[in-house]
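Enquirer: Taken in order, these protein sequences are the chains called A and B. Residue numbering for the first sequence follows this note's numbering, beginning at 1 and increasing consecutively. Residue numbering for the second sequence follows this note's numbering, beginning at 354 and increasing consecutively. From the three backbone atoms N, C-alpha and C, an ideal C-beta is built for every residue, glycine too. On a predicted model such as this, the values are computed, not experimentally measured, just so you know. Before anything else, here's the structure in question.
Number of protein chains: 2
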Amino acid sequence: MTEHADPATMPYRPRATLRDVAAMAGVSMKTVSRVVNGENGVTPQKVDAVRQAISRLDYRPNLSASALRRSSGRTAAIGTVLEDLANPFSSALLRAVEDVANEKRVLILAGSVDEDQQRERALVRAFTERRVDGLIVAPVGEDQGYLRAEMEAGTPLVFVDRQPQGLLADCVLSDNESGARQAVHRLADVGHRRIAYLGDLALIPTAEQRFAGYQRALLERGLPLDPAHVVHDLHTVDDAARATTALLRGLGDGNGPTAIFASQNLVTIGAITALQDLGLEDSVALIGFDDFPLADLLKPRVSVIAQNPSEMGRVAAELLFQRLDGDRGRPQRILLPTTTVLRGSGEIPPAVP
Amino acid sequence: MTEHADPATMPYRPRATLRDVAAMAGVSMKTVSRVVNGENGVTPQKVDAVRQAISRLDYRPNLSASALRRSSGRTAAIGTVLEDLANPFSSALLRAVEDVANEKRVLILAGSVDEDQQRERALVRAFTERRVDGLIVAPVGEDQGYLRAEMEAGTPLVFVDRQPQGLLADCVLSDNESGARQAVHRLADVGHRRIAYLGDLALIPTAEQRFAGYQRALLERGLPLDPAHVVHDLHTVDDAARATTALLRGLGDGNGPTAIFASQNLVTIGAITALQDLGLEDSVALIGFDDFPLADLLKPRVSVIAQNPSEMGRVAAELLFQRLDGDRGRPQRILLPTTTVLRGSGEIPPAVP
DNA sequence: ACGCAGCTTGACAATGTTGTCAACGGCGGC
DNA sequence: GCCGCCGTTGACAACATTGTCAAGCTGCGT
């Protein structure tokens with residue numbers, strides 16, 4: 001057990017500083033600094049002496065102090081404000097950001113907002129107080145104007161998933177409207193004329209855009225927009241399941257929808273749950289917006305309009321680092337295409353009357 | 354468009370410091386510091402003047418400088434080293450850590466290691482160089498002794514998911530062996546005598562423990578351990594799918610396994626893919642270790658031994674904060690129980706010969 | 001008038017680091 | 001013998017902030 005240390009009795013050894021290393025190596029602090037930062041102009045003997053002292057003392061440079069003093073002031077960390085680190089969309093995006101940042105040896109501070117404006121602001125504030133070099137934000141509040149001060153201070157800012165309001169800045173978005181339009185067109189292609197819309201909170205811009213795409217496609221196909229087939233403000237699996245059940249139960253014969261467009265991940269899953277409970281999963285068509293793991297193992301396999309959260313994260317991070325490298329060009333608005341993935345559930349034809 | 358600022362032409366205004374605020378408010382820096390930190394002993398007029406200057410200058414305190422000077426030296430940030438931020442286990446754990454940290458107004462630095470020892474060390478180093486107040490680590494390397502220096506320096510450390518080696522420290526783990534044992538017992542309960550084991554990389558301690566549980570249960574049931582029914586080192590969905598196919602195809606009639614225990618998330622999914630491809634999903638029983646989203650929407654619904662990553666994160670974070678609050682007790686090893694969730698796939702009986 | 005207590009306030013040092021610059025000793029060129 | 005140059009080195013100030021402490025003020029009691 002000698003290799004095990006017991007914290008209760010573990011000797012407390014405060015962190016060594018440059019000063020300690022310098023004292024042990026018998027050189028000035030500046031010389032240690034030079035060795036640590038790999039600057040040249042130090043004789044090999046001194047380098048050795050310093051190296052030895054460093055490892056003997058388990059010296060770890062203090063990056064905060066370093067950043068404070070350095071002219072650039074860079075902390076080599078960026079902040080990432082996302083909807084919910086536990087959901088697959090956010091976490092895939094985060095991971096992609098991490099991969100880009102990692103190449104630049106930059107760390108990631110991350111936080112979830114859960115659709116809470118207060119939290120968005122609190123997180124941004126906490127990040128900037130730590131002087132992150134840049135921010136990636138999936139905005140949730142109705143106004144991002146409060147971020148102007150950060151931009152003016154030179155902290156680059158890239159928005160993802162949703163367009164910021166009250167501030168012109170780089171952003172990377174899915175082409176929500178076009179994706180939703182595609183979905184409805186595909187359903188119409190197999191003959192559906194009564195296509196329901198199940199949507200997220202109507203005030204979320206992405207939900208709005210997807211609804212716009214839905215409406216546009218109906219118009220293009222000359223299909224009527226039946227208010228009874230439109231449900232907004234579904235935000236959880238249970239919400240969606242209940243709404244789906246209501247929609248299909250309440251069908252005055254021949255008037256119920258024969259296909260469903262679910263405008264979001266959790267809504268899609270809720271709809272599937274309901275369809276399975278009603279035994280209708282093979283008779284009502286379904287296309288969901290946003291892919292999800294295992295969609296292709298369900299029966300029927302679930303057709304989706306896939307977003308690409310990794311790509312979104314990658315592109316956003318790369319944009320951010322371009323800005324950090326000095327790019328002062330006009331702010332960009334990058335629209336990522338969606339992919340229509342037909343797996344089965346979207347190709348179910350309407351029942352012949 | 355007046356509310357839109359264009360970064361290309363946006364005025365650059367460097368961040369205001371305490372000094373700037375003090376100058377504008379006509380007081381000393383110390384007084385500003387007092388106001389910012391809510392200390393009392395400042396007349397209301399001065400407080401007002403300072404507040405005004407702060408908002409006029411968009412002053413943001415510099416927490417790095419603050420931490421540097423403060424006696425505690427706390428940075429109000431913790432580092433979290435996980436397997437892969439994009440996988441559901443890691444991200445649920447991270448989210449739970451975030452929730453606990455959030456209450457204490459502590460931020461999270463996060464990174465993925467991808468089974469790479471180098472990366473584990475690099476991340477820990479990067480975190481400690483930023484003087485995080487504590488670390489939560491899902492260790493991947495074979496020796497965590499290198500962390501002793503950090504512990505001695507007073508940085509609390511909690512391991513999750515896997516036990517550290519070469520270092521005695523707090524850790525929070527799932528009861529892998531018992532969970533795996535349960536799984537095999539449940540399969541034996543419905544009559545299976547040829548139960549295959551599909552395992553992750555054998556050198557991962559959790560995989561080892563799960564295999565131990567599998568072996569133990571076989572022993573307890575008096576079932577033979579058939580090497581042909583044991584496959585190790587599966588780490589991806591594809592690996593697992595191939596292995597499953599091979600296992601079931603290669604069945605000399607009457608010798609193939611009638612049930613499968615899949616020791617990990619991705620392996621379970623791979624096995625399901627293969628079973629579906631072979632049309633055997635309703636005839637070969639399956640229990641997977643670790644729950645996954647939508648397991649209860651598949652057909653058959655997938656039985657699992659569920660871990661509780663959120664709970665793991667929550668408990669680990671709380672332990673960490675206890676240590677930060679000064680608890681110097683002996684290091685704890687917390688075993689979280691698993692839950693057996695029988696949904697259908699695990700209750701399929703063996704085909705009658 | 002004086003001393004003293006209590007509150008407010010600011011000067012100064014310190015945190016751990018790096019940028020600036022001058023000093024050092026040795027050397028070749030005048 | 002002196003100048004200037006070289007590579008190396010360290011003294012010092014600075015970064016943004018907070019802890020310490022003494023000075024300043026008011027009002028009170030004597």
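My output table needs one value for leucine 689(B): the three-state DSSP class, helix, strand or coil.
Expert: Position 336 of the second sequence, counted from the start, is the residue given in the question as residue 689(B). Three-state DSSP puts leucine 689(B) in a strand.
Enquirer: Extract the residue ranges of the alpha helix (DSSP H) inside the segment 475-534 of chain B, only unbroken runs of 4 or more that lie entirely within it.
Expert: 501-505
Enquirer: How do the segment 341-349 of chain A and the segment 374-388 of chain B stand: do at least 3 beta-carbon pairs fall below 8 Å, yes or no?
Expert: no
Enquirer: Check whether the Cβ of glutamine 276(A) lies closer than 8 Å to any Cβ atom in chain B.
Expert: Locating residue 276(A) in the first sequence gives position 276, counting from the first residue. At least one chain B Cβ lies under 8 Å of glutamine 276(A).
Enquirer: Using a C-beta cutoff of 8 Å, does threonine 626(B) count as contacting chain A?
Expert: As a first step, residue 626(B) is located in the second sequence; it is residue number 273 there, counting from the start. Yes, threonine 626(B) lies at the interface with chain A (some Cβ there is under 8 Å from its Cβ).
Enquirer: Return no unless some Cβ of chain A is closer than 8 Å to the Cβ of asparagine 390(B).
Expert: In the second sequence, residue 390(B) corresponds to position 37, counting from 1. Not closer than 8 Å to any Cβ of chain A, the Cβ of asparagine 390(B) fails to qualify, so no.
Enquirer: Give the range of the alpha helix (DSSP H) segment to which phenylalanine 292(A) is assigned.
Expert: Translated into positions along the first sequence, residue 292(A) becomes position 292. No alpha helix (DSSP H) holds phenylalanine 292(A); DSSP gives it neither H nor E.
Enquirer: What are the start and end residues of each continuous beta strand (DSSP E) run of 3 or more residues lying completely inside the segment 256-316 of chain A, in chain order?
Expert: If only complete runs of 3 or more residues are kept, the segment 256-316 of chain A shows the beta strand (DSSP E) at 259-262, 285-289, 303-306, in order along the chain.
Enquirer: Using 8 Å for Cβ pairs, my map puts aspartate 175(A) next to leucine 201(A). What's the rounded Cβ distance?
Expert: Working through the first sequence from its first residue, we reach residue 175(A) at position 175. Working through the first sequence from its first residue, we reach residue 201(A) at position 201. Rounded, the Cβ-Cβ distance is 20 Å, inconsistent with contact.
Enquirer: Have a look at arginine 355(A) and asparagine 255(A) and give me their C-alpha separation to the nearest angstrom.
Expert: There is no way to answer for residue 355(A), as the model of chain A reaches only from 1 to 353.
Enquirer: Contact check, isoleucine 204(A) vs aspartate 133(A) under 8 Å by CB: the rounded distance?
Expert: As a first step, residue 204(A) is located in the first sequence; it is residue number 204 there, counting from the start. As a first step, residue 133(A) is located in the first sequence; it is residue number 133 there, counting from the start. With 8 Å as the limit, isoleucine 204(A) and aspartate 133(A) do not qualify as a contact, their Cβ atoms being about 29 Å apart.
Enquirer: Please report whether the beta-carbon of asparagine 40(A) lies at a distance below 8 Å from any beta-carbon of chain B.
Expert: Against the first sequence, residue 40(A) aligns to sequence position 40. Judged by the 8 Å Cβ criterion, asparagine 40(A) is not in contact with chain B.
Enquirer: How about isoleucine 269(A) and arginine 186(A): are their beta carbons less than 8 Å apart?
Expert: In the first sequence, the residue the question calls residue 269(A) occupies position 269. In the first sequence, the residue the question calls residue 186(A) occupies position 186. Not a contact, by the Cβ cut-off of 8 Å.
Enquirer: If we ignore side chains and look at the alpha-carbon of each, how far apart do lysine 383(B) and glutamate 120(A) end up?
Expert: On the second sequence, residue 383(B) is found 30 positions in, with the first residue counted as 1. On the first sequence, residue 120(A) is found 120 positions in, with the first residue counted as 1. Between the alpha carbons of lysine 383(B) and glutamate 120(A) lies a distance of about 30 Å.
Enquirer: Which chain B residues sit within Cβ distance under 7 Å of leucine 68(A)?
Expert: Translated into positions along the first sequence, residue 68(A) becomes position 68. Correct list: Ser417, Ala418, Leu421.
Enquirer: In angstroms, rounded to a whole number, what distance separates the CA positions of proline 367(B) and tyrosine 412(B)?
Expert: Along the second sequence, one-based indexing puts residue 367(B) at 14. Along the second sequence, one-based indexing puts residue 412(B) at 59. Computed Cα separation, rounded: 10 Å.
Enquirer: When you compare the CB of proline 367(B) with every CB in chain A, is at least one pair closer than 8 Å?
Expert: The sequence position of residue 367(B) within the second sequence is 14, counting from 1. For proline 367(B), the answer is yes, since a Cβ of chain A falls inside 8 Å of its Cβ.
Enquirer: Per the DSSP calculation, tyrosine 197(A) is bridged to which residue(s)?
Expert: Here the question's residue 197(A) lines up with position 197 in the first sequence. Answer by DSSP bridge pairing, in chain order: Val230(A), Phe261(A).
Enquirer: Count the other CB atoms, across all protein chains shown, that sit within 10 Å of the CB of arginine 70(A); report buried if there are 16 or more and exposed otherwise.
Expert: Position 70 of the first sequence, counted from the start, is the residue given in the question as residue 70(A). With fewer than 16 other Cβ atoms within 10 Å, it is exposed.
Enquirer: Apply the 10 Å Cβ neighbour rule to threonine 589(B) and answer buried if 16 or more other Cβ atoms are within range, or exposed otherwise.
Expert: For this step, residue 589(B) is matched to residue 236 along the second sequence. Per the 10 Å Cβ criterion, exposed.
Enquirer: Roughly how far, in whole angstroms, is the beta-carbon of glycine 222(A) from the beta-carbon of phenylalanine 211(A), given that I think they are within contact range, below 8 Å?
Expert: The sequence position of residue 222(A) within the first sequence is 222, counting from 1. The sequence position of residue 211(A) within the first sequence is 211, counting from 1. In fact, because the Cβ distance is near 19 Å, the residues do not count as touching under 8 Å.
Enquirer: What whole-angstrom Cβ distance do threonine 155(A) and leucine 135(A) have, given they're in contact under 8 Å?
Expert: Taking the first sequence and counting its residues from 1, one reaches residue 155(A) at position 155. Taking the first sequence and counting its residues from 1, one reaches residue 135(A) at position 135. At roughly 6 Å, the Cβ-Cβ gap stays under 8 Å, so threonine 155(A) and leucine 135(A) are in contact.
Enquirer: Mind the definition here: the segment 291-310 of chain A touches the segment 86-95 of chain A only if three or more C-beta pairs lie below 8 Å; say whether that holds.
Expert: yes
Enquirer: Three or more C-beta pairs closer than 8 Å, one from the segment 79-86 of chain A and one from the segment 96-111 of chain A: is that the case here?
Expert: Yes, the segment 79-86 of chain A touches the segment 96-111 of chain A.
Enquirer: Leaving aside the five residues before and after alanine 306(A) along the sequence, list all residues of the same chain whose C-beta is less than 8 Å from its C-beta, in chain order.
Expert: In the first sequence, residue 306(A) corresponds to position 306, counting from 1. Cβ neighbours of alanine 306(A) beyond the five flanking positions: Asp290, Asp291, Thr338, Thr339, Thr340, Val341.
Enquirer: Determine the chain B residues that contact aspartate 84(A) at a beta-carbon separation under 8 Å, and present them in chain order.
Expert: The residue labelled residue 84(A) in the question sits at position 84 within the first sequence. In chain order: Arg448.
Enquirer: Excluding the 5 residues preceding and the 5 following glutamate 150(A) in the sequence, name in chain order all residues of the same chain whose CB lies nearer than 8 Å to its CB.
Expert: Translated into the one-based positions of the first sequence, residue 150(A) becomes position 150. Excluding the 5 residues flanking it on each side, glutamate 150(A) has same chain C-beta neighbours closer than 8 Å at Val124, Thr128, Leu135, Leu157, in chain order.
Enquirer: Check whether the Cβ of isoleucine 622(B) lies closer than 8 Å to any Cβ atom in chain A.
Expert: Taking the second sequence and counting its residues from 1, the one referred to as residue 622(B) is at position 269. Judged by the 8 Å Cβ criterion, isoleucine 622(B) is in contact with chain A.
Enquirer: For the segment 539-549 of chain B and the segment 627-634 of chain B, state whether three or more C-beta atom pairs, one from each stretch, are separated by less than 8 Å.
Expert: In short, these stretches do not touch, since the Cβ pair count stays below three.
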